[in-house]
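> Before I ask anything, let me first share the structure, which is written out below as structure tokens.
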Amino acid sequence: GMEGGVRPGPRICEGDCAVLKRDDVFKAVPVLRRRKIIFEKQWFYLDNAIGHIYGTTFEVTSGGNLQPKQEVEETITETKEAGTDNRNIVDDGKSQKLTHDDIKALKDKGIKGQEIVQQLIENSTTFRDKTEFAQDKYIKKKKKKYEAVITIVKPSTRILSTMYYAREPGKINHLRYDTLAQMLTLGNIRAGNKMIVMETCAGLVLGAVMERMGGYGSIIQMYPGGGPVRAATSCFGFPKLFFNNLHEFPLSKVDSLLSGTFSTETMPSEPEDNALVEEESNGFSDEKQTSLQEAEEESATETAMEINQTEEQETIDMNAEDVEFKENKEKENKENVREKQRKQWEKRKKLIEAAALLGEKNADGLIVASKFHPTPLLLTLLEFVAPSRPFVVYCQYKEPLLECYTKLRERGGVINLKLSETWLRNYQVLPDRSHPKLTMSGGGGYLLSGITVVLDKGKSDASNLEALKMEEPSSKRCKVQDLHC
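Residues in the sequence shown are numbered from 802 upward in steps of one, following the working numbering.
Structure (structure tokens):
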């Protein structure tokens, strides 16, 4: 039964995607029974977490079982003995009376981490002389070491982008979470949009866009190579319906789509049973030929075996089995081919759908975050975006975006072009000791953003350059003239 006063929330279910959290460390894991998880040098099973509310903090008990952590009232002694400063404390490694073996013995007895920390404090000769702050720090440090506490949280863009940036920044092109937040805002991503997303960030940016859109609207993901990568997208644990309006389109076919030569003729058409049988009997495709060769080789070895048989009866038995086996195999092959064709046909149908959506050239926005040079990508993909719509391009480096900026200004059809970089600093906020954290993140990447407008094809480059000159403030122009006289 539920106790009163517990805030209701989504519960942890088997098969969910969850995120483990300990201090500032995150790890995404699937919730499965009897599956050993290793996180922060701790191993445990998630079985006991199933049914609890997301956000619950657990302790790892013996045997790797999770137990919800009891909220303990911090016992604050009225007169906390503390030194005025730490000048007399010498770190000679002799201040702790408990030995490593003592602590191990306590652990083996099954004594909780909390009690071990208490014992460490009592057996420390220097604890009382430390300042209050140093005492807090000491307790915090020991707790981290001896109390195995893990919180299970529901994945979200904020959590997953923080996790990726800390754990595998290379996989997301060093896109920092605050930069991603800027992209979502600058791109005006909301429910009902029709978005074009081109990313090589393991599907993190795609997931962020999907989360913002909440299953309403449509997304066309442009992908390089054989297919889209969506490792991070699957960590979000979106419901099935979110994927109904997610389409993908290969970058390799974009040029043909723009030039009007795009066709899916190279792909198989709708599966028809009679066509299938004909194709099989001809044994056209390479795969068929290899399987035929294999079959011949197999039968050759079988014949060799048969010759060695002494009794004819056995040979007859083998042949009978053989025929049956071959028939089954043929049946299986036929089904496999049919399944394969059905899948290919599905793929073709989806490709045609995506092409039709792109072909309308009325997308509500464009997001690019990839390891490729942004200029050719952007110039091509902007063709599919309606006028008066935002676009955002992320790049780990500034120079490619500068080039992109210049090319766009020459081309025209965009306004409000802005190149930006956000910088991020973490602060420790504690009474009497608030200060910026010593580590500050270096590059979180750069953004180029702007808004599309109708491109006036009549204008030549020359007149565009004139316009650029006109934009120069008069004060600057005066200075140039002054120099000449």
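Every residue gets a Cβ at the ideal spot worked out from N, C-alpha and C, and that includes glycine.
Model, not experiment: these values are computed from the prediction.
With a floor of 4 residues, list each alpha helix (DSSP H) that falls wholly inside the region 1196-1247, ordered by position along the chain.
1200-1212
> Taking the alpha-carbon of Gln915 as reference, which of Glu948, Asp937, Glu923 and Gln1229 has the nearest alpha-carbon?
Taking the first residue of the sequence shown as position 1, residue 915 is located at position 114. Closest option to Gln915, Cα to Cα, is Glu948.
> What are the residues that DSSP puts in a beta bridge with Phe840?
Stepping through the sequence shown from its first residue, residue 840 is reached at position 39. Phe840 pairs with Gln843.
> Contact defined as beta carbons within less than 8 angstroms: I believe Lys995 pairs with Asn1163. What is the distance between those atoms, to the nearest angstrom?
In the sequence shown, the residue the question calls residue 995 occupies position 194. In the sequence shown, the residue the question calls residue 1163 occupies position 362. Contact flag correct, Cβ pair sits at about 7 angstroms.
> Give the secondary structure of Pro970 by DSSP, where H, G and I count as helix, E and B as strand, and everything else as coil.
For the purposes of this step, residue 970 is taken as the residue at position 169 of the sequence shown. Of the three classes helix, strand and coil, the one that applies to Pro970 here is helix, per DSSP.
> Under the three-state reduction of DSSP, which class applies to Ile890: helix, strand or coil?
Along the sequence shown, read from residue 1 onward, the residue named residue 890 stands at position 89. In the structure shown, Ile890 sits in coil (DSSP, three-state: anything other than H, G, I, E or B).
> Return the bridge partner residues of Arg977 from the DSSP annotation.
Counting from one through the sequence shown, the residue named residue 977 turns up at place 176. Bridge partners of Arg977: none, in fact.
> Would a C-beta distance cut-off of 8 angstroms place Gly1018 and Gly988 closer than the cut-off?
For this step, residue 1018 is matched to residue 217 along the sequence shown. For this step, residue 988 is matched to residue 187 along the sequence shown. No, these two residues do not count as a Cβ contact at 8 angstroms.
> Grouping DSSP H, G and I as helix and E and B as strand, with all else coil, what is Lys1144?
Counted from its first residue, the sequence shown places residue 1144 at position 343. It is helical.
> Is the number of C-beta pairs between the region 1182-1200 and the region 973-985 that are closer than 8 angstroms three or more?
yes
> Assuming Ile813 contacts Ile953 (C-beta within less than 8 angstroms), just tell me the rounded distance between them.
If you number the sequence shown from 1, residue 813 lands on position 12. If you number the sequence shown from 1, residue 953 lands on position 152. Right, their Cβ atoms sit about 6 angstroms apart.
> Which residues in the same chain as Asp825 place their Cβ atom closer than 6 angstroms to its Cβ, once the five residues preceding and following it in sequence are excluded?
The count along the sequence shown starts at 1 and reaches residue 825 at position 24. For Asp825, same chain residues with a beta-carbon under 6 angstroms away, outside a window of 5 residues either side, do not exist.
> Report yes or no: do the region 1247-1255 and the region 1178-1192 share at least 3 C-beta pairs separated by less than 8 angstroms?
yes
> In whole angstroms, what separates the C-alpha of Glu1211 from that of Arg1013?
Taking the first residue of the sequence shown as 1, we reach residue 1211 at position 410. Taking the first residue of the sequence shown as 1, we reach residue 1013 at position 212. Rounded to the nearest angstrom, the two C-alpha atoms are 33 angstroms apart.
> CA-CA distance, Gly852 and Gly810?
By one-based count along the sequence shown, residue 852 stands at place 51. By one-based count along the sequence shown, residue 810 stands at place 9. In this structure, the straight-line span from the alpha carbon of Gly852 to that of Gly810 is close to 11 angstroms.
> Tell me, which residues are paired with Glu1000 by DSSP?
Residue 1000 sits at position 199 when you count from the first residue of the sequence shown. Answer is Ala1170, bridged to Glu1000.
> Measuring alpha carbon to alpha carbon, tell me which of Asn1227, Cys1205, Gln1229 and Asn1045 ends up nearest Leu1220.
Taking the sequence shown and counting its residues from 1, one reaches residue 1220 at position 419. Cα-wise, what sits closest to Leu1220 is Cys1205.
> Nearest to Cys944 by CA position, among Ile960, Tyr1024, Glu860 and Lys910, is which residue?
Within the sequence shown, the letter at position 143 stands for residue 944. The sequence given here places Lys at residue 944; Cys does not occur at that position. Among Ile960, Tyr1024, Glu860 and Lys910, the Cα nearest to that of Lys944 is on Glu860.
> Would you mind reading off the limits of the alpha helix (DSSP H) that contains Tyr947?
Here residue 947 refers to the residue found at position 146 when the sequence shown is read from its first residue. Segment Glu933 to Tyr947, the alpha helix (DSSP H) holding Tyr947.
> If you follow the beta strand (DSSP E) that Pro1025 is part of, which residue opens it and which one closes it?
Residue mapping note: residue 1025 aligns to position 224 of the sequence shown, counting from 1. Per DSSP, Pro1025 belongs to no beta strand (DSSP E) and is neither H nor E.
> Assuming Phe1008 contacts Phe1037 (C-beta within less than 8 angstroms), just tell me the rounded distance between them.
Counting from 1 along the sequence shown, the entry for residue 1008 is found at position 207. Counting from 1 along the sequence shown, the entry for residue 1037 is found at position 236. The identity of residue 1008 in the sequence shown is Gly, whereas the question assumes Phe. The pair is a contact, with the Cβ atoms about 5 angstroms apart (cut-off 8 angstroms).
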